[in-house]
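Visitor:
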Amino acid sequence: MFYSQANRGRVKNENPDVSLGQIGKTLGREWSELSEQAKVPYFKKAEGDKKRYEAEKARYDAGEGSL
């Protein structure tokens, strides 16, 4: 998800006439071709976002939040 968000604009600019589905396929292919080391920043962002979600959910479940 974070890789796609960071690179969707670039892929769209490089391929202005392709469909949204094709952009997604291109991003998926690029992701699968990345080295594990190149994926680390995106894994870290995902980990941070998961912690944020869990904290927000805990506050909501405790009655401190709203939708």
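Taking the UniProt record's numbering, I'd label the letters of the sequence shown as residues 1 to 67.
Backbone N, C-alpha and C fix where the C-beta goes; we use that ideal spot for every residue, glycine too.
State the Cα-Cα distance for the pair residue 39 and residue 45, rounded to the nearest angstrom.
Guide: For the purposes of this step, residue 39 is identified with residue 39 of the sequence shown, where counting begins at 1. For the purposes of this step, residue 45 is identified with residue 45 of the sequence shown, where counting begins at 1. So the alpha carbons of these two residues sit roughly 10 Å apart.
Visitor: With DSSP run on the structure shown, which of helix, strand or coil describes residue 54?
Guide: In the sequence shown, the residue the question calls residue 54 occupies position 54. If DSSP states are grouped into helix, strand and coil, residue 54 belongs with the helices.
Visitor: Could you tell me the alpha carbon to alpha carbon distance between residue 59 and residue 42, rounded to whole angstroms?
Guide: Residue 59 sits at position 59 when you count from the first residue of the sequence shown. Residue 42 sits at position 42 when you count from the first residue of the sequence shown. The alpha-carbon atoms of residue 59 and residue 42 are separated by roughly 26 Å.
Visitor: Looking at residue 13 and residue 23, is the spacing between their C-beta atoms short of 8 Å?
Guide: Residue numbering aside, residue 23 sits at position 23 when the sequence shown is read from its first letter. Residue numbering aside, residue 13 sits at position 13 when the sequence shown is read from its first letter. For residue 23 and residue 13, no; Cβs fall outside 8 Å.
Visitor: Thinking C-alpha only, which one of 54, 31 and 35 is nearest residue 6?
Guide: Counted from its first residue, the sequence shown places residue 6 at position 6. Nearest of 54, 31 and 35 to residue 6, Cα basis: 31.
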